[in-house]
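Participant: Right, I'll just put the structure down here and ask away after.
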Amino acid sequence: MLDQTAKPLVEVSDLKMYFPIYSGVLRRHTGDVKAVDGVSFNILEGETLGLVGESGCGKSTVGRALLRLYEPTAGSVVIGGEDIATLAPEALRKKRPSMQMVFQDPQASLNPRMTVAGIISEPLVEHTDWTAERRLERVLELMDAVGLNRRFANRFPHEFSGGQRQRIGIARALALNPKFIVCDEPIAALDVSIQAQVVNLLEDLQERLGLTYLFISHDLSMVRHIADRVAVMYLGRIAELSPRDALFANPLHPYAEALLSAVNEPDPNRARRERIILQGDVPSPANPPKGCNFCTRCPKAFARCHQEKPELVEVQPGRQVACFLYEENTAVGSTASVEATELNQQGETK
Amino acid sequence: MTDATTAIEKPASQMRAIWQQFRTHKGALFGLIVLGTLILAVVLGPFLWVPEKMSVAKAIMLKNQGPSWRFPLGTDQLGRDMLARMLDAGKVSLAVGFVAMMIAIFVGTTIGILAGYFKRLDGPLMRLTDMFLALPLIPLLLVMVMLFRDRIAGLVGPEMGAFLLIVFAIGVTSWMQAARIVRGEVLALKEREYVLAARSIGAIPRRIILRHILPNVVSPVMVAATLGVAEAIITESVLSFLGLGFPPDFPTWGRLLYDGLSYMQIYPERVIWPGVAISLTVLSVNYIGDGLRDALDPRIRGR
Numbered sequence: 001m002l003d004q005t006a007k008p009l010v011e012v013s014d015l016k017m018y019f020p021i022y023s024g025v026l027r028r029h030t031g032d033v034k035a036v037d038g039v040s041f042n043i044l045e046g047e048t049l050g051l052v053g054e055s056g057c058g059k060s061t062v063g064r065a066l067l068r069l070y071e072p073t074a075g076s077v078v079i080g081g082e083d084i085a086t087l088a089p090e091a092l093r094k095k096r097p098s099m100q101m102v103f104q105d106p107q108a109s110l111n112p113r114m115t116v117a118g119i120i121s122e123p124l125v126e127h128t129d130w131t132a133e134r135r136l137e138r139v140l141e142l143m144d145a146v147g148l149n150r151r152f153a154n155r156f157p158h159e160f161s162g163g164q165r166q167r168i169g170i171a172r173a174l175a176l177n178p179k180f181i182v183c184d185e186p187i188a189a190l191d192v193s194i195q196a197q198v199v200n201l202l203e204d205l206q207e208r209l210g211l212t213y214l215f216i217s218h219d220l221s222m223v224r225h226i227a228d229r230v231a232v233m234y235l236g237r238i239a240e241l242s243p244r245d246a247l248f249a250n251p252l253h254p255y256a257e258a259l260l261s262a263v264n265e266p267d268p269n270r271a272r273r274e275r276i277i278l279q280g281d282v283p284s285p286a287n288p289p290k291g292c293n294f295c296t297r298c299p300k301a302f303a304r305c306h307q308e309k310p311e312l313v314e315v316q317p318g319r320q321v322a323c324f325l326y327e328e329n330t331a332v333g334s335t336a337s338v339e340a341t342e343l344n345q346q347g348e349t350k
Numbered sequence: 001m002t003d004a005t006t007a008i009e010k011p012a013s014q015m016r017a018i019w020q021q022f023r024t025h026k027g028a029l030f031g032l033i034v035l036g037t038l039i040l041a042v043v044l045g046p047f048l049w050v051p052e053k054m055s056v057a058k059a060i061m062l063k064n065q066g067p068s069w070r071f072p073l074g075t076d077q078l079g080r081d082m083l084a085r086m087l088d089a090g091k092v093s094l095a096v097g098f099v100a101m102m103i104a105i106f107v108g109t110t111i112g113i114l115a116g117y118f119k120r121l122d123g124p125l126m127r128l129t130d131m132f133l134a135l136p137l138i139p140l141l142l143v144m145v146m147l148f149r150d151r152i153a154g155l156v157g158p159e160m161g162a163f164l165l166i167v168f169a170i171g172v173t174s175w176m177q178a179a180r181i182v183r184g185e186v187l188a189l190k191e192r193e194y195v196l197a198a199r200s201i202g203a204i205p206r207r208i209i210l211r212h213i214l215p216n217v218v219s220p221v222m223v224a225a226t227l228g229v230a231e232a233i234i235t236e237s238v239l240s241f242l243g244l245g246f247p248p249d250f251p252t253w254g255r256l257l258y259d260g261l262s263y264m265q266i267y268p269e270r271v272i273w274p275g276v277a278i279s280l281t282v283l284s285v286n287y288i289g290d291g292l293r294d295a296l297d298p299r300i301r302g303r
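If you're matching them up, the sequences are chains A and B in order.
Under the numbering used here, the first residue of the first sequence is numbered 1, with each subsequent residue one higher.
Under the numbering used here, the first residue of the second sequence is numbered 1, with each subsequent residue one higher.
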């Protein structure tokens, strides 16, 4: 799957997204919620990159910052040769058709007062000067592509089931023939029988249209099904970025290991993997630990973990891990920058 | 779901669907009939009911009459036919009520949407709203009328001048509630995922506002508008009562109400007729607004 010769379509480097905290009478800027704190990865053309992690670790924020629905605090997002993070508004608008998003909640992402045809043709109205007939033709074509009955074109979103609504959302994302689609937990709000339909539809479309996906999810078995490579996020940083099979067979980062140990094994006869149960809570992203973000809960943490932040480095071909356990072997040396501005350290080992 | 039937359902005409839903709302239908009757009456009434011409001396003899075939609603303290006056008054009152309401809603919605959608305008516009709310309205209206009445009257005639001035004065002093309601609603709406989706498509703010935000603030605006009609009619009567609205011999419902006030103990019907007319207008507008709000929402429609 991992074709090293393919060139990356999306290159994200050191992306940071901080949400400022204002407090006190004067509403002074007293800190930041570091939702995404220095994330770098590439997505190759035609590839699906899975992005997993627990709730609140910044997955969705990465997805939204990638399409510049948020203004990133720092870093660059190069999609097809242009840096999205610094593009001027009009150029960004021109760029929008090539990158689209499928949202988590199909109910909330469709305007209740517009018909299906209206919703799907909205991107066409924005970016083309087609006549109404031509737009309708394209809408019907898209409805066929996502498996919606053409007869439903003039219905309203509330008349559909969750899976159908998600198809409408996917059709809207496809309207302008994008190259890159961010799927922000597209299946989280659907029930299990529908999840498979939607995921298979996404795979099918990828095959036919040559799409590139960033597939954000917390459902590990779905990610295993659809993704080529998987990035595991923890508290705003990527812990491990590995090809799917390698990651699921042998997770390197202690957090990835713990996360994957929680996946249910469908076959009851197979020996159950021992579960790693993490102690404690995720630290606040407004005040992350001084060292490695995971050091407060890591069963393998040692002294250095509490002092420096590990960088994401390649430890095996195609596998990148941000952990000192592996850095020792590759002898990269200290690349971490010590953040001196932390007020409070939360780094005692459990 | 994907069977062979591919005939597209007819785009069920929007207006037709709205009317279908509106019809099911009993109160709204009642309101529409009552308001329609009132409007027809004040527009056509003066042509159908022409009061008899008589000298002042004769009129004074016929003052304070009760209802009769000659004077269906009786006469007032100067012997004028109350029915004719009610019809004339209604034309002005309804016009003032609706036009002033439209001005107030237009200004209020515009300011509310701008303040809610554009963060940079939020502070200044909302402080402006607060400022208007803090102004003592009646003195302000009095000053406006004092300053501009003669100038406008010189341009378009005393009656039209008074109408324009009153409508404008009421409009620009009653938009604040609508602006606040709309701003609050817009703040909530703009965080919805479908607005985010529109942004990710690259829609420009104007289209996001027109397509996604405006249709979804219809309900609160509708409620504010129906209340606004009543308020405008009452405010007009207050102004007229204070001698700063229309000229004293120019009837409006509010004016008739205040004229009748001093005779209320002896001739209560003098107050009841304009009072009933104002109440009926307000009530029917309210019900129509309610029905329209339901009819414009596709989630309620067809249920």
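For every residue, glycine included, the Cβ atom is placed at its ideal position computed from N, Cα and C.
Remember, predicted model here, so these are calculated numbers, not experimental data.
By a C-beta neighbour count over all protein chains shown, 10 Å radius and 16 as the cutoff for buried, is B/N286 buried or exposed?
Facilitator: Within the second sequence, numbered from 1, the residue matching residue 286 of chain B stands at position 286. B/N286 comes out buried.
Participant: Scan the stretch 191-218 of chain B for residues whose Cβ lies nearer than 8 angstroms to a Cβ of chain A and list them as they occur along the chain.
Facilitator: For the stretch 191-218 of chain B, which is checked against every Cβ of chain A, the residues closer than 8 angstroms are R192, E193, Y194, L196, A197, A198, R199, S200, I201, G202, A203, I204, R207, R211, H212, P215 and N216.
Participant: Report the CB separation of B/G260 from B/P274 in whole angstroms; it is logged as a contact under 8 angstroms.
Facilitator: In the second sequence, counting from the first residue as 1, residue 260 of chain B sits at position 260. In the second sequence, counting from the first residue as 1, residue 274 of chain B sits at position 274. About 7 angstroms; that satisfies the 8 angstroms criterion.
Participant: Just to make sure I have the definition right: I need the residues of chain B whose C-beta is within less than 7 angstroms of the C-beta of A/R113. Which are they?
Facilitator: Translated into positions along the first sequence, residue 113 of chain A becomes position 113. Residues of chain B passing the Cβ test: P215, N216 and P298.
Participant: Compare the C-beta of A/H127 with all C-beta atoms of chain B and state if any pair is closer than 9 angstroms.
Facilitator: If you number the first sequence from 1, residue 127 of chain A lands on position 127. At least one chain B Cβ lies under 9 angstroms of A/H127.
Participant: Quick one: Cα of B/G161 to Cα of B/R149, how far?
Facilitator: Locating residue 161 of chain B in the second sequence gives position 161, counting from the first residue. Locating residue 149 of chain B in the second sequence gives position 149, counting from the first residue. So the two alpha carbons sit approximately 7 angstroms from each other.
Participant: Assign B/Q265 to buried or exposed, taking buried as 16 or more other Cβ atoms, counted over all protein chains shown, within 10 Å of its Cβ.
Facilitator: Position 265 of the second sequence holds residue 265 of chain B. It counts as exposed.
Participant: For B/G228 and B/G171, what's the separation of their Cα atoms in angstroms?
Facilitator: By 1-based counting over the second sequence, the position of residue 228 of chain B is 228. By 1-based counting over the second sequence, the position of residue 171 of chain B is 171. Going by the C-alpha atoms only, they are around 9 angstroms apart.
Participant: Check distances from the C-beta atoms of the stretch 116-147 of chain A to those of chain B and list, in chain order, the residues that come in under 9 angstroms.
Facilitator: If the cut-off is 9 angstroms between Cβ atoms, the stretch 116-147 of chain A has A117, G118, I119, E122, P123, V125, E126, H127, L136, L140, D144 and G147 near chain B.
Participant: Considering just the uninterrupted stretch of the beta strand (DSSP E) at A/S355, what are its terminal residues?
Facilitator: Chain A is shown from 1 up to 350; residue 355 of chain A falls before or after that span and cannot be answered.
Participant: Which whole-angstrom value is the C-beta distance of A/T30 and A/I226, which I expect to be below 8 angstroms?
Facilitator: On the first sequence, residue 30 of chain A is found 30 positions in, with the first residue counted as 1. On the first sequence, residue 226 of chain A is found 226 positions in, with the first residue counted as 1. At roughly 41 angstroms, the Cβ-Cβ gap does not stay under 8 angstroms, so A/T30 and A/I226 are not in contact.
Participant: For B/F246, name the three-state secondary structure that DSSP assigns.
Facilitator: The count along the second sequence starts at 1 and reaches residue 246 of chain B at position 246. B/F246 falls in the coil class under three-state DSSP.
Participant: With C-beta atoms as the reference, is B/Y258 less than 9 angstroms away from B/S237?
Facilitator: The residue given as residue 258 of chain B occupies position 258 in the second sequence. The residue given as residue 237 of chain B occupies position 237 in the second sequence. The answer is yes: Cβ separation under 9 angstroms.
Participant: Might you give, ordered along the chain, the residues of its own chain that have their beta carbon closer than 6 angstroms to the beta carbon of B/P298, omitting 5 neighbours on each side?
Facilitator: Residue mapping note: residue 298 of chain B aligns to position 298 of the second sequence, counting from 1. Within the same chain, B/P298 has no close Cβ partners at all.
Participant: Determine the DSSP secondary structure at A/A336, reduced to helix, strand or coil.
Facilitator: Taking the first residue of the first sequence as 1, we reach residue 336 of chain A at position 336. With a pLDDT of only 39 at A/A336, under the threshold of 50, the placement of this residue in the model should not be trusted; the figure read from the coordinates follows. Reduced to three states, the DSSP call for A/A336 is coil.
Participant: Under 9 angstroms, CB to CB, which of the residues in the stretch 215-246 of chain A have a partner in chain B?
Facilitator: Within the stretch 215-246 of chain A, no residue qualifies.
Participant: Measuring only the C-alpha atoms, how far is A/M114 from A/D219?
Facilitator: Taking the first residue of the first sequence as position 1, residue 114 of chain A is located at position 114. Taking the first residue of the first sequence as position 1, residue 219 of chain A is located at position 219. About 31 angstroms.
Participant: Is the beta carbon of A/R68 sitting closer than 9 angstroms to the one on A/V77?
Facilitator: Along the first sequence, one-based indexing puts residue 68 of chain A at 68. Along the first sequence, one-based indexing puts residue 77 of chain A at 77. For A/R68 and A/V77, yes; Cβs fall inside 9 angstroms.
Participant: Taking 9 angstroms as the cut-off, decide whether the C-beta atoms of A/L205 and A/I170 are in contact.
Facilitator: Taking the first residue of the first sequence as 1, we reach residue 205 of chain A at position 205. Taking the first residue of the first sequence as 1, we reach residue 170 of chain A at position 170. Cβ distance < 9 angstroms, so A/L205 and A/I170 count as in contact.
Participant: Are A/L247 and A/V263 touching if we call contact CB-CB under 9 angstroms?
Facilitator: As a first step, residue 247 of chain A is located in the first sequence; it is residue number 247 there, counting from the start. As a first step, residue 263 of chain A is located in the first sequence; it is residue number 263 there, counting from the start. No, the Cβ-Cβ distance between A/L247 and A/V263 is not below 9 angstroms.
Participant: Does A/R68 come out as helix, strand or coil in the three-state DSSP assignment?
Facilitator: Position 68 of the first sequence, counting from 1, holds the residue named residue 68 of chain A. Residue state, collapsed to three classes: coil.
Participant: CB-CB under 7 angstroms to A/D83, same chain, minus the five flanking residues each way: which ones, in chain order?
Facilitator: For the purposes of this step, residue 83 of chain A is taken as residue 83 along the first sequence, with counting starting at 1. Excluding positions up to five away in sequence, the list reads S76 and V77.
Participant: Would you mind reading off the limits of the beta strand (DSSP E) that contains A/I79?
Facilitator: As a first step, residue 79 of chain A must be located in the first sequence, where it is residue number 79. Note, A/I79: beta strand (DSSP E), A74 to I79.
Participant: Please report the distance separating the alpha-carbon of B/D81 from that of B/G66.
Facilitator: Taking the second sequence and counting its residues from 1, one reaches residue 81 of chain B at position 81. Taking the second sequence and counting its residues from 1, one reaches residue 66 of chain B at position 66. C-alpha separation (whole angstroms): 11 angstroms.
Participant: So which of A/V52, A/P317, A/Q307 and A/N42 has the shortest CA-CA distance to A/M222?
Facilitator: The sequence position of residue 222 of chain A within the first sequence is 222, counting from 1. Looking at the Cα atoms, A/V52 is the closest of the given residues.
Participant: Could you tell me whether the Cβ of B/T5 comes closer than 9 angstroms to any Cβ of chain A?
Facilitator: Here residue 5 of chain B is taken as the residue at index 5 of the second sequence, counted from 1. For B/T5, the pLDDT reaches just 46, beneath the cut-off of 50, and the residue's location in the model is therefore unreliable, leaving the point undetermined.
Participant: Quick one, are the C-beta atoms of A/P157 and A/N200 less than 9 angstroms apart?
Facilitator: Stepping through the first sequence from its first residue, residue 157 of chain A is reached at position 157. Stepping through the first sequence from its first residue, residue 200 of chain A is reached at position 200. No, the pair does not count as a contact, with Cβ atoms beyond the cut-off.
Participant: For A/T61, which residues from the same chain have a beta carbon less than 6 angstroms from its beta carbon, with the 5 sequence-adjacent residues on both sides left out?
Facilitator: Reading the first sequence from its first residue, position 61 is the one you call residue 61 of chain A. Cβ neighbours of A/T61 beyond the five flanking positions: M17, A35 and V36.
Participant: Which of the three DSSP states, helix, strand or coil, is assigned to A/R155?
Facilitator: As a working mapping, residue 155 of chain A is identified with position 155 in the first sequence. Of the three classes helix, strand and coil, the one that applies to A/R155 here is coil, per DSSP.
Participant: Taking the straight line between their C-alpha atoms, what separation do you get for B/P136 and A/G24?
Facilitator: Here the question's residue 136 of chain B lines up with position 136 in the second sequence. Here the question's residue 24 of chain A lines up with position 24 in the first sequence. Computed Cα separation, rounded: 34 angstroms.
Participant: Run through chain B and tell me which residues come within less than 9 angstroms of A/Q279, C-beta to C-beta.
Facilitator: Numbered from its first residue, the first sequence carries residue 279 of chain A at position 279. None at all; the shortest Cβ gap to chain B is about 35 angstroms.
Participant: Determine which residues share a DSSP beta bridge with B/N286 and list them.
Facilitator: Position 286 of the second sequence, counting from 1, holds the residue named residue 286 of chain B. Answer by DSSP bridge pairing: none, since B/N286 is not bridged.
Participant: Quick check: the Cα distance between A/I181 and A/P254, rounded to an integer number of angstroms?
Facilitator: Against the first sequence, residue 181 of chain A aligns to sequence position 181. Against the first sequence, residue 254 of chain A aligns to sequence position 254. When rounded, the distance between both Cα atoms is 30 angstroms.
Participant: DSSP state of B/R270, grouped into three classes?
Facilitator: If you number the second sequence from 1, residue 270 of chain B lands on position 270. If DSSP states are grouped into helix, strand and coil, B/R270 belongs with the helices.
Participant: Looking only at its chain, what residues have a beta carbon closer than 6 angstroms to the beta carbon of B/I18, apart from the 5 residues adjacent to it on each side?
Facilitator: The residue given as residue 18 of chain B occupies position 18 in the second sequence. So the list reads A295, once near-sequence residues are dropped.
Participant: Can you tell which of B/K53, B/A104 and B/V56 has its C-alpha closest to the C-alpha of B/A230?
Facilitator: As a first step, residue 230 of chain B must be located in the second sequence, where it is residue number 230. Closest by alpha carbon: B/A104.
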